[in-house]
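K.L.:
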Amino acid sequence: MIAIPFDSSQVMQGIASIAPEAILVCTAITVLMADLFLAEDGKWLLCWLSLAGVLAALGEVYLLGSSRIVGFSGMITSDGFGMFFSTVVLSACALVLLMATGWSERAGTQKGEFYSLILMSTTGMLIMAKGTDLMTIFLGLETLSIPIYVLVGFQRSRMTAIEGALKYFLLGAFGAAFMLYGMALIYAATGTTKIPVLVYMSVGGGMAGSSLFLAGMGLLLVGFAFKVSLFPFHMWTPDAYEGAPTLVTAFMSAAVKAAAFAALVRVAMLLFPGVSPAIGPVLWVLAVLTMTVGNISALGQNNVKRILAYSSIAHAGYIMVGLVAGDLLGSQAALFYLLVYAFMNIGAFGVLMLISQKEDDGYDIHNLRGIGFKYPVLGALLTLFLVSLAGIPPTGGFIGKFYLFSAAVKNGYIWLAILGVLNSAASIYYYLRIVVYMYFMTPEGEVVTPHTPPFGYALALCACAAVVLVLGMIPGAVLTMAEQSVLSLLM
Amino acid sequence: MEPILFTLFGAIAVGGALLVVTRKNPMSAALSLIMSLFAVAALFVLRQAHFLAAIQVIVYAGAVVVLFIFVIMLINVPENRLPIEKPTVYRLLGVVAAGLLMIEGGLASRNFSAPATAVGEVGSVEAVGHALFTDYLFAFEVTSVLLLAAVVGATVLAKKKI
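In order, the protein sequences belong to chains A and B.
Take the first sequence: its letter number 395 is residue 395 in my numbering, and every next letter is one higher.
In my numbering, each number is its position in the second sequence, counted from 1, plus 1000.
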């Protein structure tokens, strides 16, 4: 019999390192339980309960701060990097839940299962962002993905929902299998899955000669590419985004992308330098193709949700530019961009959700005719978010792109930056097309009447707009925060 | 004793695998697969990897093949309507690839000798349990959250009224 040593200080440290996740899981279970006992007209409580849980987790993230806490023999680490992404993911979740208050009844998502799935998915995102062991990253990815597959198909009566969910599920399962295969090969080559040990072994090209290790890294990259929808693994994105209830689309586009990129940035910053001659050109090509394919496909779309889906593919390409640059500045820019992207995308989907009367046809671009002048606040908000997505000052989107491309230039990737800027210019066409429809197209019949947003919803939209504007004018504090978190990663 | 048992179970495993791909009836193919997997489990026992052997029986011979059999029974194609299989280029390529893999495996296995440490030290139920509840405790616990999410999700998608 092997005795298991019990060290209470280590146990406490472990619990501290996963305190926000623990809060989220407890809330998810509480919501499920409360759902059983609440009458139909008391279900609104569930949403507020979930929101309280998310805010408590956010508070706990700040209590833990950026100090380094290694938990569970190195499986998970709470550090500045984890804190940054926990903030992004939890704020995205909080915004979506805030929108869901008073909105869920209309969308048919006023269910305990809906909220608990969102909470469990968020738990997976935090685990993925904080995982310092390949195994933890994989488990986080699965905990994140499985609830999202279900949430995409939540409105089971719509064909597009089922189609999107099935496509996302099948391709996501393939992506997960690729990633797992990659991890297995890396384990076969090195005998470990712990990222710090892998860094130690691969530093200075120590593993660059091992074809097992290279193949493993390649497959790992493919797995990530599926999740952040890089070309050519982006096929599921438009269908899943279109089929999902728009609340979920907003959540997916902001939070899932941030969490997947969190793990990708961690792997890229720590492990890619050891294999950079092999993997550098791959990243370069992936970034360019992803941007270009995303933008070109978005040009011909008429469904606004699909336009934003393709735009999210293009944005994954822009963020990859930061990873190609591969230095502190590049990663810092990627982190900043992911934060801004979360807010501007949730904001854009939020406004569109108010304007559209129903899913599917409701998101046709022709429904936006005449909205701009008749409903000036909504028009102005949507314009702000789209302008930020297009990367025009004075918005956060501009600052993000500026830093991404300047990181590329600083590291000698001039062509990459040029292609990025050209892409960005092309994207202005389809963002401004939406704006043109809102302001300059005469409606064929009546202008659609948008829903009046409930209080929480309006609050969430205002928060998004404020963040996008503030980050566009005074980005210094957040940029420093992003820099600190990348530095804490490299420590 | 061990070489005899190894040869015996190895032969059963290979024979079972051959039956899987040559049987016309899907049900007998699935049952041959069970036979092959059981024999592999016995090989694991010979290498002192008791935990792996148990998992092999429970997960592969048990759960996975039972799922196969469920599907076969659900689809329930009568014997006379089974598709007639013709030799195609792909099949030929498959045979060639399998042959190459076998040769490669044979060549690669010449590089391995008996392991320095007994597999029993890492493959026993005790050692795996110890690792699971110390170093990999976190993974173990997160898996429970993952399973909870999967159960809730399956309910959402399958239940008549939620």
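Cβ atoms here follow ideal geometry from the backbone N, Cα and C, with glycine treated the same way.
Which of helix, strand or coil does DSSP assign to residue 78(A)?
P.N.:
strand
K.L.:
Write down every uninterrupted run of the beta strand (DSSP E) in the stretch 141-210 of chain A whose length is 3 residues or greater and which is fully enclosed by it, in chain order.
P.N.:
none
K.L.:
Short of 7 Å in beta carbon distance, which residues of its chain neighbour residue 283(A), apart from the five on each side in sequence? Order them along the chain.
P.N.:
320, 323 and 324
K.L.:
Comparing C-alpha positions only, which one of 1126(B), 1141(B) and 1042(B) sits nearest to residue 1061(B)?
P.N.:
1042(B)
K.L.:
Residue 158(A): which of 201(A), 240(A) and 78(A) sits nearest, CA to CA?
P.N.:
240(A)
K.L.:
Listed from N- to C-terminal order along the chain, which residues in the stretch 136-155 of chain A have their beta-carbon within a distance smaller than 8 Å of any beta-carbon of chain B?
P.N.:
Those would be 136, 139, 140, 142, 143, 146, 147, 149, 150, 153 and 154, in chain order.
K.L.:
Shorter than 7 Å from the beta carbon of residue 1131(B) to some beta carbon of chain A?
P.N.:
no
K.L.:
Can you tell me which residues form a DSSP beta bridge with residue 303(A)?
P.N.:
364(A)
K.L.:
Can you round the beta-carbon distance between residue 491(A) and residue 84(A) to whole angstroms, since I take them to be within the 8 Å contact cut?
P.N.:
Contact doesn't hold; Cβ gap of about 14 Å is too wide.
K.L.:
Mind checking if residue 1138(B) is an interface residue toward chain A, Cβ cutoff 7 Å exclusive?
P.N.:
yes
K.L.:
Whose Cβ in chain B lies nearer than 7 Å to the Cβ of residue 127(A)?
P.N.:
For residue 127(A), the chain B residues whose Cβ falls inside 7 Å of its Cβ are 1142, in order along the chain.
K.L.:
First and last residue of the alpha helix (DSSP H) that includes residue 1069(B)?
P.N.:
Here the alpha helix (DSSP H) through residue 1069(B) covers 1065-1075.
K.L.:
Look at residue 404(A) and residue 318(A) and say whether their C-beta atoms are less than 7 Å apart.
P.N.:
yes
K.L.:
Considering only C-alpha positions, which residue in the set 1024(B), 1058(B), 1151(B) and 1090(B) is nearest to residue 1077(B)?
P.N.:
1024(B)
K.L.:
Could you round the C-beta distance between residue 450(A) and residue 354(A) to whole angstroms and report it? I think they count as a contact, below 8 Å.
P.N.:
5 Å
K.L.:
For residue 70(A), report the span of its alpha helix (DSSP H) as first-last.
P.N.:
In the DSSP assignment, residue 70(A) falls outside any alpha helix (DSSP H) and within the unbroken beta strand (DSSP E) covering 69-71.
K.L.:
Less than 6 Å between C-beta atoms, sequence neighbours within five positions excluded: which residues of the same chain meet that for residue 72(A)?
P.N.:
Hits under 6 Å: 14.
K.L.:
Determine whether the Cβ of residue 25(A) lies closer than 7 Å to any Cβ atom of chain B.
P.N.:
yes
K.L.:
When the distance is taken between beta carbons, is residue 344(A) closer than 7 Å to residue 397(A)?
P.N.:
yes
K.L.:
Residue 131(A) bridges to which residues according to DSSP?
P.N.:
76(A)
K.L.:
Quick check on the burial criterion: 16 or more other C-beta atoms within 10 angstroms. Buried or exposed for residue 371(A)?
P.N.:
That one is buried.
K.L.:
Kindly say whether residue 73(A), judged by its beta-carbon, lies nearer than 7 Å to any beta-carbon of chain B.
P.N.:
yes
K.L.:
Could you give the distance in angstroms between the alpha-carbon of residue 65(A) and the alpha-carbon of residue 79(A)?
P.N.:
8 Å
K.L.:
Determine the DSSP secondary structure at residue 287(A), reduced to helix, strand or coil.
P.N.:
The answer is helix: DSSP assigns residue 287(A) an H, G or I state.
K.L.:
Taking 7 Å as the threshold (C-beta atoms), are residue 31(A) and residue 55(A) in contact?
P.N.:
no
K.L.:
Return the CA-CA distance between residue 127(A) and residue 1088(B), expressed in angstroms with no decimal places.
P.N.:
48 Å
K.L.:
For a contact defined as C-beta to C-beta under 9 Å, what are the partners of residue 132(A) on chain B?
P.N.:
Chain B residues near residue 132(A): none, gap ~11 Å exceeds 9 Å.
K.L.:
For residue 339(A), which residues in the same chain have their Cβ closer than 6 Å to its Cβ, ignoring the five residues on either side in sequence?
P.N.:
88
K.L.:
With distances taken between CB atoms, is the gap from residue 1069(B) to residue 1026(B) smaller than 7 Å?
P.N.:
no
K.L.:
For chain A, check one thing: does any of its Cβ atoms lie closer than 7 Å to the Cβ of residue 1147(B)?
P.N.:
No, residue 1147(B) does not count as interfacial toward chain A.
K.L.:
Since residue 1007(B) meets chain A, which of its residues come closer than 7 Å, beta carbon to beta carbon?
P.N.:
Those do not exist, as residue 1007(B) stays about 28 Å from chain A at its closest Cβ, beyond 7 Å.
K.L.:
Go ahead and pull the three-state DSSP assignment for residue 40(A).
P.N.:
helix
K.L.:
Can you give me, in chain order, the residues of the stretch 1091-1116 of chain B that have a beta carbon less than 7 Å from any beta carbon in chain A?
P.N.:
Hits within the stretch: zero.
K.L.:
Considering just the uninterrupted stretch of the alpha helix (DSSP H) at residue 374(A), what are its terminal residues?
P.N.:
371-374
K.L.:
Is it the case that the Cβ atoms of residue 136(A) and residue 74(A) are separated by a distance below 7 Å?
P.N.:
no
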